[in-house]
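Top to bottom, those sequences are chains W and C. Residues 982 to 1139 in the working numbering are what the first sequence lists, from first letter to last. Residues 360 to 955 in the working numbering are what the second sequence lists, from first letter to last. Beta carbons: idealized from backbone N, C-alpha and C, even for Gly. None of the values given here were measured: they were computed from a predicted structure. Step one of this worksheet: look at the structure below.
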Amino acid sequence: MSLKVDEIIGVVSSVLDETQKKRGTLIHAFQEIQKEQNYLPEEELVKLSKELDIPMSDVYSTATFYKQFYFTPRGRKIVKVCTGTACHVRGASKVMDALKNEFNVGDGETTEDLAMTLESVGCIGCCGLAPVATINEGIIGEIDSPKLSKMIEDIKED
Amino acid sequence: MASKNNTDIKSLVIRVCVGTGGLAAGSQEVIDEFTKLLKKKGVRAEVLKKCVNKTGCRGFCAKDVLADVIVDGISHTYQLLTAENVARIVEEHIVGGEPVEQWLVGPEYHAFHDKQTKILLHECGHIDPEDINAYTEIGGYNGARKALTMKPENIIAQIKDSGLRGRGGAGFPTGLKWEFCRNADSDQKYIICNADEGDPGAFMDRSIIEGNPHSVIEGMIISGYAIGASFGYIYIRAEYPLAIERLKIALSEARSNGFLGKGIFNSDFDFELKIKEGAGAFICGEETALIASIEGKRGMPRSKPPFPAHKGLLGKPTVINNVETLATLPSIMTKGAKWFSSIGTEKSKGTKVFALTGKIKNTGLIEVPMGISLKEIIYDIGGGMEKKNRTLKAVQTGGPSGGCIPAANIDMPVDYESLAAAGSMMGSGGMVVMDDLTCMVDMSKFFLTFTANESCGKCVPCRVGTKRMLEILTRITEGKGKSSDIDLLLELGKDIKLASLCGLGQSAPNPVLSTLHYFRDEYEAHINEGICPAGVCKSLRRYTVSDEACKMCGKCKTVCPSDAVTWEKKQKAVISKEKCIKCGACYEACPFNAIL
Ligand SMILES: Cc1cc2nc3c(=O)[nH]c(=O)nc-3n(C[C@H](O)[C@H](O)[C@H](O)COP(=O)(O)O)c2cc1C
Ligand code: FES
C-alpha cells in the first residue's frame, strides 16, 4: 500500500509540515488497511512505520489505543450486540448471553472456523429500537425470543 | 370536502418514512405501491423518502410505516401503513378528496409533537438531506451569507446576546469561547465540529447530521468566519456510516455551490472542511483528546489550561463545538439573538434535543424549549410509561457523566442549572426513563463499567478509582457487599471527581453518587438484607408467587423457559427453586405483580 499523504490530509496540508502531515495520516492508514484485510497484520504495520517515519512502538501504541482496530483475523459474520443504556435497560445482556452460549465464544472472540465474531458495542444510535444488534451491516431491532432464534439461524447459514 | 377530480390537484407530495424501523416494516413496498398506482391514475406526484433512519425522523416509528400525504399543501399523516392500504388511500383521499380517517394518526401522535419546539429538528425528515437545493429553498445558507457581511466581532456579540450555550455537555457560553479564540494571536486557527457522540443512549447529533447535514456545515462557516479560521474538521464516529455518507455528499455540494473553498459566497473569506473518522474511543469526545486523535496520536486528554481556544489543534487556537451547537447558529443569524433568547429560561436559552429512551411509550428524538418540566416530557410527549402496571422510578440524564432524578422531582424544569443542582447534568441529551423494575445499583454498575472501560489510563484517580468503585458495586450486586461499602463509595467518588485529569474522571462517579443520594435504601437492601428490591440483580433473586395476588392466569408457566413453574387451571402457581434459572421472564409477564 502506498500512501498519498497530501491527498489524505486535504487542503489543510498547505499549512502543515512533513512530520505533522505524516502523523495526521496514521489513523487513516490503519482504517484503510483494516478495510482491506479486516484486521491490522503486523507486516503492514511495520511497512507503515517505515513509510511514515514513525517508530514501530509508537505505531503500535496508537493502533492499540483505539477499539476499532484488531490484530487478529476476524469472523465472516461480525455480530455486534449493543449494550448501550437503552439496550441495557431493555435486556441486552439476555441477547448477549444467548449468543455466547450458542456459539461458545466470549465477548470479542471469534469462533475457530472464523464463521463469526461476537462483540458488545456501545450505543449504535437506534435506542428507540432497543435491544439492538447488528450482523455485518444489517440492523436487528426490538429483539425478543423469536427474533433471537432467527438471528442465530441467520448467523449459522453461510 | 367536495369530491375532487385528480386534475384539480395542483401539487401532491407523499413522504414515506424509510427509517431503519420503516424499512423493516415495509416502507419500500409502500413507496412502490404509491408510485405504481399514481402512475396508473395519471396523477403527478412526488413520492419522497421522508426520513432516513428511525431515530432521525420523528421518533414515532413504533407506528411505522408512517406517511404524509400532502394534497395542495394540506397534510395528513397515516400510520401503520402497508402496501395493501395504499390503493384505498389513492382512491378515497387523493382522487376522492376524503382522507381515510381510520388510518390517520391518532391523538398520541399529536401529543408527541405538540409540546415540542422544533428549531433544529424542524427540517429533519422534511427535506432531502442529499440535495442542497432543498436546504437553500427554505432559506438555508442565508445565515452564513449574512454573517459574511458582518464584522466577526459583531457576530460574536450576537451569539453572546442570544445566550447560546454549548450543547456538548458542559454548557459553556458559545460566544465567549469564540471571543477567546478570536482574540488569540495566530496565523492559523481551526474550527472543529465534535460529532463523536459517544454517550450510550444518545443519538441526537447523528440524527441532525443525517437529517440536515447542511445546517452543520453552515454553522461551521459562521463560527469559522467569526473566529478567523479557514480550516475546519468534522470529527465523527466511524459507527455512523450513513451520517458520514450524507456529510460527504453535503460537503461536495456545498463546494460546487461556492459555499466552501476559496472566496466563499463571493467574499474574500476562504474556508475548507474535512471529515475525520474516529476510531472508537469514547474519550475522543473530550476536546483535548479529540485534538490528539486528529493529530494522529493516542486520543488522550491533557490538562487545561491552556484551553484549545488558545492552544488547540497543532498548537493553534481552536474552537470545538458540538453538532447541535453549530446547527443552531444559522437560525440565530437569520432570526436574531432576541428571538433565540426569548425561548427558554433565564440562564438556559433556546431548545435542546433529547434522545428519549427507556421504559417509556414513545421513544425517540424530541426537541423541547429549555425549562420544560420532566413531567411534561414524560407524560405529554412520551405518553407515559411503556407498561401500564409499572410506575416511574427515575429519569437518568447526562449518560455516564450524569445522574438520575427521582420520580418525586419530576416537576423540575429541565435546564443546565436545575439539572446540576439535582446532582445530574444536561450532558449531551440522553434521557432514559426507568420504571420500578430498574435496579439503581445495577444502573450505576452499568455506567461505571462503561467509564472504567473507557478511561484512557493516563491519570491514576480515574484509571484505578473507577475500577475500584466498579468492584465494590459488583460485589454489592452479588450480595457480597460490606456495611462499610457505602461510605467507601462516597469517599472514592469524591476523590475521583476532585483529582481526575479530564471530564471523564471528574464526572464518572456521578451516577453512583446521585443514586446513593436518592436511593440509598436500595444499596442498603442489597448489602444488609441481601435483596434486590427491583428484582434485577440475579444472584439476589428468589422468585416466589404471592398467594394473595395470584389470579391463577398461568402466564408465568407459559413464559418460563426452564419449566420451573407448576400450575394447573384454577390453581395458584408455584415456582421450583431448583429449576428456576432466575431469568425474570415470569416476573415481567405477570399482569398482577404477583411474582415477588
Ligand atoms: C469524556 C468526555 C466525552 C465527551 N464527549 C463529547 C461528545 O461526544 N460530543 C460533544 O459534542 N462533546 C463531548 N464532550 C464535551 C467536549 O469536551 C466539549 O466540551 C464540547 O464538544 C464543546 O462543544 P460545545 O461548547 O458546543 O458544547 C465530552 C467531554 C468529555 C469529558
Ligand atoms: S443504547 Fe442500544 S442503540 Fe442506543
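Three-state secondary structure (DSSP) of N812(C): In the structure shown, N812(C) sits in a helix (DSSP, three-state: H, G or I).
Proximity of E556(C) and R524(C) at Cβ, strictly below 8 Å: Contact: no.
Taking just the CA atoms, how far does I390(C) sit from V454(C)? C-alpha separation (whole angstroms): 17 Å.
Check whether the Cβ of A529(C) lies closer than 7 Å to any heavy atom of ligand 1, and answer yes or no. The answer is yes for A529(C).
Please classify I433(C): is it buried, with 16 or more other beta-carbons within 10 angstroms of its beta-carbon, or exposed? Taking all protein chains shown into account, I433(C) has fewer than 16 neighbouring C-beta atoms within 10 Å of its C-beta and is therefore exposed.
On a Cα-Cα basis, can you pick out the residue from L507(C), A638(C), T441(C) and P488(C) that is closest to F1046(W)? Selected option, being the one with the closest Cα: A638(C).
Within 10 angstroms of its Cβ, does A668(C) collect 16 or more other Cβ (buried), or is it exposed? The residue in question, A668(C), is buried, as its Cβ has 16 or more Cβ neighbours within 10 Å.
Spatial neighbours of K516(C) within its chain, please: C-beta separation below 8 Å, excluding the five flanking residues on both sides. Looking at the sequence itself, residue 516(C) is Ala, so the reference to Lys does not match. Excluding residues within five positions, the ones whose Cβ falls inside 8 Å are G534.
Using a C-beta to C-beta distance shorter than 8 Å, which residues of chain W count as neighbours of A597(C)? Contact note: A597(C) reaches chain W through Q1012 and Q1049, using a C-beta cutoff of 8 Å and chain order.
List, in order along the chain, the chain C residues whose C-beta lies closer than 9 Å to that of Q1001(W)? E654, G655 and L673, listed in chain order.
Quick check on the burial criterion: 16 or more other C-beta atoms within 10 angstroms. Buried or exposed for P466(C)? Sixteen is the threshold: since fewer than 16 other Cβ atoms of the shown chains lie within 10 Å of the Cβ of P466(C), the residue is exposed.
Can you find at least 3 beta carbon pairs, one from the stretch 458-473 of chain C and one from the stretch 426-442 of chain C, that sit closer than 8 Å? Enough Cβ pairs lie closer than 8 Å, so yes.
For L673(C) and A554(C), I'd like the C-alpha separation in whole angstroms. Going by the C-alpha atoms only, they are around 20 Å apart.
With which residues is Y437(C) paired in a DSSP beta bridge? Bridge partners of Y437(C): A426(C) and L463(C).
Can you give me the C-alpha to C-alpha distance between T722(C) and K1016(W), rounded to a whole angstrom? Near 34 Å, if we compare the C-alpha coordinates of K1016(W) and T722(C).
Applying the 10 Å Cβ sphere with the 16-neighbour rule, what's the burial state of G380(C)? Note that G380(C) scores a pLDDT of 45, beneath 50, so its modelled location is shaky and nothing firm can be said.
Could you check if T756(C) belongs to the surroundings of ligand 1, using beta carbon to heavy atom distance under 7 Å? Between ligand 1 and the CB of T756(C), the shortest heavy atom gap is not smaller than 7 Å.
Sheet register partners of Q755(C) (DSSP bridge): DSSP output for Q755(C) lists C763(C) and V791(C) as bridge partner(s).
For K938(C), collect the residues of the same chain with a Cβ closer than 7 Å to its Cβ; drop the 5 residues on either side in sequence, then sort them by chain order. If we look at K938(C) and ignore the five residues flanking it on each side, its Cβ neighbours are S921, D922 and A923.
Out of curiosity, what's the CA-to-CA distance linking Y738(C) and M744(C)? Each residue's alpha carbon lies about 8 Å from the other.
D795(C) CB to nearest heavy atom of ligand 1 below 7 Å: In this structure, D795(C) has its CB at a distance of at least 7 Å from all heavy atoms of ligand 1.
For A640(C), return the contacting residues in chain A, with the cut-off set at a CB-CB distance below 7 Å. Absent from the structure: chain A. Protein chains present are W and C.
Per-residue contacts from E636(C) into chain W (C-beta, under 7 Å): Those are Q1012, listed as they occur along chain W.
Three-state secondary structure assigned by DSSP to V904(C): Strand at V904(C).
Give me the Cα-Cα distance between F805(C) and A811(C), rounded to the nearest whole angstrom. If I take the Cα positions, the gap works out to 10 Å.
Does ligand 4 have even one heavy atom less than 7 Å from the beta-carbon of S787(C)? Summarising the ligand content, the structure contains ligand 1 and ligand 2 and does not contain ligand 4.
Between the stretch 814-826 of chain C and the stretch 622-629 of chain C, do three or more beta carbon pairs fall short of 8 Å? Because the criterion of three Cβ pairs below 8 Å is not met, the stretch 814-826 of chain C and the stretch 622-629 of chain C do not touch.
What residue does the beta strand (DSSP E) around F713(C) start on, and which one ends it? T710 to G717 is the span of the beta strand (DSSP E), which, as asked, contains F713(C).
Nearest residue (CA-CA) to L1053(W), options T1006(W), P1022(W), K1131(W) and V1076(W): In the sequence on display, residue 1053(W) carries Thr and not Leu. T1053(W) has its Cα closest to that of P1022(W), out of T1006(W), P1022(W), K1131(W) and V1076(W).
From T704(C), C919(C), S843(C) and A867(C), pick the residue whose C-alpha is nearest to that of H885(C); which is it? Cα-wise, what sits closest to H885(C) is S843(C).
Show which residues of chain W have a CB atom less than 7 Å away from the CB atom of V791(C). Ordered by position in chain W, the residues that pass the 7 Å Cβ test against V791(C) are T1066, A1067 and V1070.
Taking DSSP as the reference, what is the three-state secondary structure of I989(W)? The answer is helix: DSSP assigns I989(W) an H, G or I state.
I'd like to know whether the C-beta atoms of A686(C) and V575(C) end up nearer to each other than 8 Å. In this structure, the beta-carbon distance from A686(C) to V575(C) falls below 8 Å.
Using alpha carbons as the reference points, say which of T684(C), N501(C) and T808(C) lies closest to F641(C). When C-alpha distances from F641(C) are compared across T684(C), N501(C) and T808(C), the shortest belongs to T808(C).
Spatial neighbours of G1065(W) in its chain, beta-carbon cut-off 6 Å, leaving aside the 5 residues before and after: Around G1065(W), the same chain offers G1103 and C1104 as residues with beta carbons nearer than 6 Å, after the five sequence neighbours per side are excluded.
Cβ-Cβ distance between E645(C) and C861(C) below 8 Å: Cβ atoms of E645(C) and C861(C): closer than 8 Å.
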